[in-house]
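J.: Mind the numbering: the sequence shown is residues 1 to 179 in the UniProt record's numbering, read in order.
Ideal placement from N, C-alpha and C gives every residue a C-beta, glycine not left out.
Nothing here was measured: the structure is a model prediction, and the numbers come from that model.
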Amino acid sequence: MLGESLGSAVAVRIAARHPERVRALVLTAGFPVADPVLAHAERLIKTLADAGRWDDAARFALLSCMSATDLGAIDPAGLEAAVAQTGDAMPPGTLDHFDLVSRVDVRADLEGISAPTLVVAPTGDRLVLPESSYRLAAGIPGARLVELPGAAHILNEADRATWLGHVRAFLDTLPLARV
Numbered sequence: 001m002l003g004e005s006l007g008s009a010v011a012v013r014i015a016a017r018h019p020e021r022v023r024a025l026v027l028t029a030g031f032p033v034a035d036p037v038l039a040h041a042e043r044l045i046k047t048l049a050d051a052g053r054w055d056d057a058a059r060f061a062l063l064s065c066m067s068a069t070d071l072g073a074i075d076p077a078g079l080e081a082a083v084a085q086t087g088d089a090m091p092p093g094t095l096d097h098f099d100l101v102s103r104v105d106v107r108a109d110l111e112g113i114s115a116p117t118l119v120v121a122p123t124g125d126r127l128v129l130p131e132s133s134y135r136l137a138a139g140i141p142g143a144r145l146v147e148l149p150g151a152a153h154i155l156n157e158a159d160r161a162t163w164l165g166h167v168r169a170f171l172d173t174l175p176l177a178r179v
């Protein structure tokens with residue numbers, strides 16, 4: 001099972017409550033509970049959205065989720081297009097999503113995970129700090145931790161390729177499942 005960002009908390013909860021259904025777990029840019037930075041980001045996005053300022057919410061999302069290098073490579077017109085695309089892509093459930101971010105707490109579930117687990121920490125993530133991934137790995141028995149140096153919350157093409165290499169290497173260490 002793969003979980004990224006908030007999806008990591010969902011995957012943790014499923015793995016803890018239904019261990020017979022989870023043979024392996026990969027958690028990327030995840031958190032057991034929102035740290036202060038994520039909590040502030042959640043509040044800001046909700047405040048902007050509640051005020052109908054979706055463009056500003058999209059700008060903040062890009063600033064917090066992309067690496068400075070990737071942002072710097074986009075010309076001003078391209079950046080405005082990315083803001084518009086991000087705003088248009090925000091589904092109606094965006095506010096509910098961020099509300100859940102503020103309430104999720106799976107710390108008590110971590111020690112009950114029995115599936116082999118890989119935790120991937122993008123070290124340049126400014127939305128979900130890498131320390132949150134470190135806490136996930138520390139709380140899950142036998143979890144393996146790998147870092148993606150400098151990677152942001154949204155992985156660029158090179159970081160996705162590195163991530164995929166780590167996931168494949170992890171899965172290759174596991175016994176084949178019987179069908």
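So what does DSSP say about Thr-123, is it helix, strand or coil?
T.: Residue state, collapsed to three classes: coil.
J.: Could you check where the beta strand (DSSP E) with Thr-28 kicks off and where it finishes?
T.: Start and end: 25–28.
J.: Just list the residues that DSSP pairs Arg-144 with in beta bridges.
T.: Bridge partners of Arg-144: Leu-118.
J.: Tell me Asp-105's beta-bridge partners as DSSP assigns them.
T.: The partner list for Asp-105 (beta bridge, DSSP) reads Val-33.
J.: Report the residue ranges of all beta strand (DSSP E) runs contained in full by the segment 66–103; include only those spanning at least 3 residues, in chain order.
T.: Listed in chain order, there is nothing to give.
J.: Whole angstroms is fine: what's the gap from Gly-7's alpha carbon to Asp-75's?
T.: In a straight line, the C-alpha of Gly-7 is about 32 Å away from that of Asp-75.
J.: Could you give the first and the last residue of the continuous beta strand (DSSP E) run that contains Leu-2?
T.: 2–4 is the extent of the beta strand (DSSP E) around Leu-2.
J.: Could you check where the alpha helix (DSSP H) with Ala-138 kicks off and where it finishes?
T.: That run of the alpha helix (DSSP H) goes 130–139.
J.: Take the Cβ of His-153 as the centre, count every other Cβ of all protein chains shown within 10 Å, and call the residue buried at 16 or more, exposed below.
T.: Classification of His-153: buried, given that the 10 Å Cβ count is 16 or more.
J.: Got a sec? Which residues, its chain only, sit under 6 Å from Asn-156 by beta carbon, not counting five neighbours each side?
T.: Within the same chain, Asn-156 has close Cβ partners Asp-70.
J.: Between the alpha carbons of Gly-139 and Asp-109, how many angstroms are there, rounded?
T.: Each residue's Cα considered, the two are about 9 Å apart.
J.: Looking at Thr-86: is its Cβ nearer than 7 Å to the Cβ of Leu-48?
T.: No, Cβ-Cβ distance for Thr-86 and Leu-48 is not below 7 Å.
J.: From the DSSP output, in three-state form, read off Thr-113 for me.
T.: Going by the sequence as given, residue 113 is Ile instead of Thr. If DSSP states are grouped into helix, strand and coil, Ile-113 belongs with coil.
J.: Suppose you measure from the CA of Asp-88 to the CA of Leu-100; what does that come to, to the nearest Å?
T.: Cα-Cα distance, rounded: 21 Å.
J.: Provide the residue span of the alpha helix (DSSP H) that contains Val-167, from first to last.
T.: Note, Val-167: alpha helix (DSSP H), 157–172.
J.: What does the Cβ neighbour count give for Arg-135, buried or exposed, with the cut at 16 atoms within 10 Å?
T.: Arg-135 comes out buried.
J.: Among Asp-105, Pro-175, Val-119, Val-37, whose alpha-carbon lies nearest the alpha-carbon of Arg-13?
T.: Out of Asp-105, Pro-175, Val-119, Val-37, Asp-105 has the C-alpha closest to the C-alpha of Arg-13.
J.: Excluding the 5 residues preceding and the 5 following Ser-114 in the sequence, name in chain order all residues of the same chain whose CB lies nearer than 7 Å to its CB.
T.: Correct list, in chain order: Pro-19.
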